[in-house]
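Peer 1:
Numbering (our numbering), first residue to last: 748 to 897.
(1) What residue ranges within the segment 794-818 form continuous alpha helix (DSSP H) runs of no fewer than 4 residues, ordered along the chain?
(2) Find out if the Cβ-Cβ distance for the pair residue 766, residue 785 is shorter than 8 Å.
(3) Quick one: grab the DSSP three-state call for residue 845.
(4) Can you tell me whether residue 782 is buried or exposed? The criterion is at least 16 other CB atoms within 10 Å of its CB, across all chains shown.
(5) Could you check which residue in 776, 805 and 803 has the C-alpha nearest to that of residue 791?
(6) Can you name the start and end residues of the beta strand (DSSP E) that residue 754 belongs to?
(7) Within 10 angstroms of the Cβ of residue 818, are there 16 or more other Cβ atoms? Answer buried if so, exposed if not.
(8) Please look up how many angstroms separate the CB atoms of residue 813 and residue 755, rounded, as I've assumed it's under 8 Å.
(9) Mind checking who residue 792 pairs with in its DSSP beta bridge?
(10) May I ask you to report which of helix, strand or coil DSSP gives residue 782?
(11) Which one or two residues does DSSP pair with residue 766 in a beta bridge?
(12) Which same chain residues, not among the five before or five after residue 809, have their C-beta less than 6 Å away from its C-beta?
(13) Taking the alpha-carbon positions, what's the residue 789 to residue 840 distance?
(14) Quick one: what does DSSP say residue 838 is sitting in, helix, strand or coil?
(15) Just mark residue 773 as buried or exposed, buried being the case when its beta carbon has 16 or more other beta carbons within 10 Å.
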(Lines of atoms letter the chains of each structure in order from A and count residues from 1; the text may use other names and numbers.)
(Lines give C-alpha, C1' and ligand atoms only; values in the text may rest on other atoms or scores of the structure.)
Protein backbone atom coordinates (compact mmCIF):
# COMPACT_ATOMS: atom_id res chain seq x y z
CA UNK A 1 0.00 0.00 0.00
CA UNK A 2 1.32 3.46 -0.89
CA UNK A 3 1.09 6.48 1.38
CA UNK A 4 1.28 10.05 0.19
CA UNK A 5 2.48 13.38 1.48
CA UNK A 6 0.94 16.25 -0.45
CA UNK A 7 0.76 20.03 -0.55
CA UNK A 8 -2.23 22.12 -1.56
CA UNK A 9 -2.31 25.78 -2.56
CA UNK A 10 -5.40 27.43 -1.13
CA UNK A 11 -7.37 30.28 -2.72
CA UNK A 12 -5.74 32.82 -0.37
CA UNK A 13 -2.24 31.61 -1.35
CA UNK A 14 -1.64 29.64 1.86
CA UNK A 15 -0.13 26.17 1.64
CA UNK A 16 -1.55 23.11 3.39
CA UNK A 17 0.54 19.96 3.85
CA UNK A 18 -0.99 16.59 4.69
CA UNK A 19 -0.62 12.83 4.27
CA UNK A 20 -3.01 10.07 3.21
CA UNK A 21 -3.26 6.51 1.93
CA UNK A 22 -5.63 7.54 -0.91
CA UNK A 23 -4.55 10.75 -2.63
CA UNK A 24 -7.49 11.08 -5.05
CA UNK A 25 -10.08 10.59 -2.31
CA UNK A 26 -8.33 13.00 0.09
CA UNK A 27 -7.98 15.76 -2.51
CA UNK A 28 -11.70 15.35 -3.29
CA UNK A 29 -12.49 15.73 0.42
CA UNK A 30 -10.46 18.94 0.58
CA UNK A 31 -12.19 20.31 -2.53
CA UNK A 32 -15.70 19.66 -1.20
CA UNK A 33 -14.94 21.04 2.27
CA UNK A 34 -16.04 19.79 5.67
CA UNK A 35 -13.15 17.38 6.23
CA UNK A 36 -10.48 19.92 7.15
CA UNK A 37 -11.23 23.27 8.78
CA UNK A 38 -8.08 24.93 7.39
CA UNK A 39 -8.79 24.16 3.72
CA UNK A 40 -12.61 24.43 3.94
CA UNK A 41 -12.19 28.15 4.79
CA UNK A 42 -9.78 28.65 1.84
CA UNK A 43 -11.48 26.87 -1.06
CA UNK A 44 -10.88 26.13 -3.82
CA UNK A 45 -7.63 24.26 -3.28
CA UNK A 46 -5.17 22.94 -5.86
CA UNK A 47 -2.75 20.04 -5.52
CA UNK A 48 0.72 21.49 -6.19
CA UNK A 49 3.03 18.71 -4.95
CA UNK A 50 2.87 15.08 -3.84
CA UNK A 51 5.28 12.26 -3.08
CA UNK A 52 4.54 8.61 -2.30
CA UNK A 53 6.15 6.62 0.52
CA UNK A 54 6.21 2.92 1.39
CA UNK A 55 4.89 3.46 4.94
CA UNK A 56 2.52 5.77 6.81
CA UNK A 57 5.31 6.66 9.27
CA UNK A 58 7.52 7.96 6.42
CA UNK A 59 4.63 9.93 4.89
CA UNK A 60 3.78 11.44 8.28
CA UNK A 61 7.42 12.38 8.89
CA UNK A 62 7.62 14.01 5.43
CA UNK A 63 4.41 15.94 6.22
CA UNK A 64 5.95 17.17 9.48
CA UNK A 65 9.21 18.21 7.80
CA UNK A 66 7.76 19.86 4.67
CA UNK A 67 4.98 21.53 6.67
CA UNK A 68 7.63 23.24 8.80
CA UNK A 69 9.50 24.70 5.84
CA UNK A 70 9.44 28.37 4.90
CA UNK A 71 7.17 29.52 2.10
CA UNK A 72 10.20 30.10 -0.16
CA UNK A 73 11.50 26.57 0.42
CA UNK A 74 8.04 25.08 -0.26
CA UNK A 75 7.82 27.03 -3.52
CA UNK A 76 11.26 25.76 -4.55
CA UNK A 77 10.04 22.19 -3.88
CA UNK A 78 6.87 22.80 -5.92
CA UNK A 79 9.00 24.14 -8.80
CA UNK A 80 11.35 21.15 -8.54
CA UNK A 81 14.27 23.56 -8.10
CA UNK A 82 16.58 21.40 -5.99
CA UNK A 83 19.37 23.98 -5.91
CA UNK A 84 16.98 26.46 -4.27
CA UNK A 85 15.63 23.80 -1.87
CA UNK A 86 19.25 23.22 -0.87
CA UNK A 87 19.83 26.99 -0.63
CA UNK A 88 16.90 27.45 1.75
CA UNK A 89 18.01 24.42 3.78
CA UNK A 90 21.05 26.40 4.95
CA UNK A 91 20.69 28.88 7.83
CA UNK A 92 20.15 32.46 6.57
CA UNK A 93 23.62 33.59 7.67
CA UNK A 94 25.22 30.90 5.48
CA UNK A 95 23.24 31.64 2.29
CA UNK A 96 25.29 34.59 1.05
CA UNK A 97 29.04 34.86 0.62
CA UNK A 98 31.07 33.16 3.30
CA UNK A 99 31.31 35.57 6.27
CA UNK A 100 34.67 36.64 7.60
CA UNK A 101 36.10 34.44 10.31
CA UNK A 102 36.04 36.20 13.66
CA UNK A 103 39.00 35.56 15.91
CA UNK A 104 38.78 36.07 19.68
CA UNK A 105 40.07 39.45 20.74
CA UNK A 106 43.16 39.41 22.91
CA UNK A 107 43.41 41.87 25.79
CA UNK A 108 45.66 44.80 24.90
CA UNK A 109 49.10 44.85 26.43
CA UNK A 110 50.15 47.82 28.55
CA UNK A 111 51.15 50.95 26.62
CA UNK A 112 54.87 51.11 25.84
CA UNK A 113 55.99 54.38 24.28
CA UNK A 114 58.89 52.70 22.45
CA UNK A 115 56.35 50.62 20.46
CA UNK A 116 54.60 53.65 18.91
CA UNK A 117 54.80 53.55 15.13
CA UNK A 118 55.72 49.86 14.94
CA UNK A 119 53.30 47.41 13.35
CA UNK A 120 51.22 45.49 15.88
CA UNK A 121 51.97 41.81 16.20
CA UNK A 122 49.30 39.63 17.78
CA UNK A 123 50.45 36.08 18.55
CA UNK A 124 48.43 33.43 16.72
CA UNK A 125 46.77 35.90 14.33
CA UNK A 126 47.64 36.23 10.67
CA UNK A 127 46.66 39.03 8.34
CA UNK A 128 47.20 36.78 5.33
CA UNK A 129 44.04 36.07 3.36
CA UNK A 130 45.35 32.58 2.63
CA UNK A 131 45.79 31.55 6.25
CA UNK A 132 42.49 33.12 7.35
CA UNK A 133 40.54 31.06 4.80
CA UNK A 134 39.34 33.96 2.67
CA UNK A 135 41.24 32.93 -0.44
CA UNK A 136 41.15 29.44 -1.88
CA UNK A 137 44.68 28.06 -1.92
CA UNK A 138 45.40 25.17 -4.29
CA UNK A 139 46.05 21.91 -2.44
CA UNK A 140 49.62 21.75 -3.76
CA UNK A 141 50.57 25.05 -2.10
CA UNK A 142 51.12 25.79 1.56
CA UNK A 143 50.91 29.11 3.42
CA UNK A 144 54.39 30.17 2.26
CA UNK A 145 53.23 30.08 -1.37
CA UNK A 146 55.82 27.54 -2.46
CA UNK A 147 54.82 24.29 -4.07
CA UNK A 148 55.09 21.20 -1.93
CA UNK A 149 57.40 18.50 -3.20
CA UNK A 150 55.88 15.04 -2.99
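Using N, Cα and C, we set each Cβ at its ideal position, and we do this for glycine too.
Just so we're clear, the structure is a prediction, and the values are computed from it rather than from any experiment.
Peer 2: So, from the data block:
(1) 803-814
(2) no
(3) Low confidence applies to residue 845: its pLDDT is 44, below 50, so where it sits in the model is not reliable enough to give any reading.
(4) exposed
(5) 776
(6) 750-757
(7) exposed
(8) Contact flag wrong, Cβ pair sits at about 12 Å.
(9) 757
(10) coil
(11) 752
(12) 752
(13) 34 Å
(14) coil
(15) buried
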